[in-house]
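Sequential numbering from 3 applies to the sequence shown in my numbering. Data block below; observations after.
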Amino acid sequence: MQPGLKLSLTTALLLLLAAAPLQADRFKDVQVEETKLADNLYMLSGAGGNMATLIAADKLLLVDAQYAEMADKIKAKLKQLSGQRSLTTLINTHVHGDHVGGNSALAADVDIIAHSKVLSRLSQDTEFPRSGLPKTTFNEQLTLHLNNQTVRLDAMPAGHTDGDIVVWFEQANVVHFGDLLFEGRFPFIDTGRGGSVKGYIDNTRSLIGMLNDQTKVIPGHGQLTDKAGVQRSLDMMLATLAIVQGYKAAGMTEQQAVGQGLGEQWQSWHWNFITEERWIKTLYHADIN
Ligand SMILES: [Zn+2]
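Now the structure itself:
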């Protein structure tokens, strides 16, 4: 072994050891916070995708599960809000780890409902705990009747992934969009898991048509919003797509398009996960026609 290589291995090991506690501490100071939407319905935020919980007589339903590391805090919050009820149903809006990571820790013994694509993708992930796999799946629509509360699950055409659903709380006029909405920021479109820019935009447009001015919209990420907020997101996507299509029509390479940027108007949508550069690259490769 060359001395230089040994040194770099030692350095790498030290870096790894230093990084480990940082990773463990990532959730330490995160609190689960609720936003009341109706007497029996709350949006919950913490680390990862926003959740929703519905309390209906003896039933307790949760939409999305964040990360396993958040499970104890989520359980404590559910107990505080629901008066000691136990979770009876968990719904997953889609396959991503920041929405399904807590499945096993929260709902190993209760029904877990998701799009069938979520089950097939998670089943192929050998790291994913088997007890956290969805038990009830569907491909189009599923309606739950929980003590006079109607919860409708609509499967959407491929957009963020190929297994996205939106969850409607009909009496409260509230909808959980999953990651078909990143409120106020560039969206992540997971083309590696069946998502597409065209599908994402088409879904956003068709969902807007199902909202009224009073509907409360829970985004996968960001703040609680409404029809106008979803429209702003659609407007941003259409405007930035047009910019990037213009660059392509002018013969620019991807890197030249990134260099040109999207202009001042869209800077506030940039965030650490989907930077302006990443969003431009997503749009550059969009299959739109
Ligand atoms: Zn996602």
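Ideal Cβ placement from N, Cα and C applies to all residues, glycine included. In this text the structure is predicted, and so the values were computed from the model without any measurement.
Among the candidates the options, whose CA atom is the shortest distance from the CA of residue i?
| i | options | result |
| --- | --- | --- |
| D237 | L108, V177, Q262 and R207 | R207 |
| K137 | A109, Q233 and H162 | A109 |
| M72 | Q267, G99, D166 and L63 | G99 |
| N52 | N274, G222 and Q233 | G222 |
| Q173 | R132, Q33, A67 and Q216 | Q216 |
| I167 | G231, L209 and I245 | L209 |
| D74 | G48, G231, V97 and T90 | G48 |
| D228 | M212, L240 and A241 | M212 |
| Q257 | Q68, N141, W273 and W281 | W281 |
| S88 | A70, T55, N94 and V102 | T55 |
| G103 | Q68, K81, Q82 and P189 | Q68 |
| E185 | D156, S235 and S118 | S235 |
| A78 | T145, A107 and P189 | A107 |
| V97 | S118, L80 and T90 | S118 |
Got a sec? Which residues, its chain only, sit under 7 Å from residue i by beta carbon, not counting five neighbours each side?
| i | result |
| --- | --- |
| K200 | A288, D289 and I290 |
| N205 | M158, P159, G161 and L182 |
| D192 | H162 and T163 |
| L39 | M45, A174, V176 and K218 |
| W268 | M238 and T242 |
Below 8 Å CB to CB, which residues in the same chain sit around residue i once its five sequence neighbours on both sides are set aside?
| i | result |
| --- | --- |
| E279 | V260 |
| L135 | N105, I114, L121, L124 and S125 |
Does any heavy atom of ligand 1 sit closer than 7 Å to the C-beta of residue i?
| i | result |
| --- | --- |
| H96 | yes |
| F190 | yes |
| H101 | yes |
| D60 | no |
| H162 | yes |
| D127 | no |
| D289 | no |
| D181 | yes |
| G253 | no |
| G104 | no |
| G50 | no |
| G231 | no |
| G222 | yes |
Could you check what DSSP says for residue i in three-state terms: helix, strand or coil?
| i | result |
| --- | --- |
| M254 | coil |
| W281 | helix |
| Q187 | With the sequence shown as reference, residue 187 is identified as Arg, and Gln is not the correct amino acid for it. If DSSP states are grouped into helix, strand and coil, R187 belongs with coil. |
| E266 | helix |
| M239 | helix |
| Q68 | coil |
| D113 | strand |
| Q151 | strand |
Cβ of residue i less than 8 Å from any chain D Cβ?
| i | result |
| --- | --- |
| I203 | As a matter of chain content, chain D is missing from the structure shown, which is built from one protein chain. |
Stretch-stretch touch, CB-based, cutoff 8 Å, three pairs: the region 148 to 156 with the region 179 to 197: The region 148 to 156, when compared against the region 179 to 197, does not touch it at the 8 Å Cβ threshold.
Cβ contact (3+ pairs, closer than 8 Å) linking the region 214 to 229 and the region 260 to 269: Per the Cβ contact rule, the region 214 to 229 is not in contact with the region 260 to 269 (fewer than 3 Cβ pairs under 8 Å).
Given 8 Å, three or more beta-carbon pairs between the region 129 to 136 and the region 26 to 41: The region 129 to 136 makes no contact with the region 26 to 41, as fewer than three CB pairs between them are under 8 Å.
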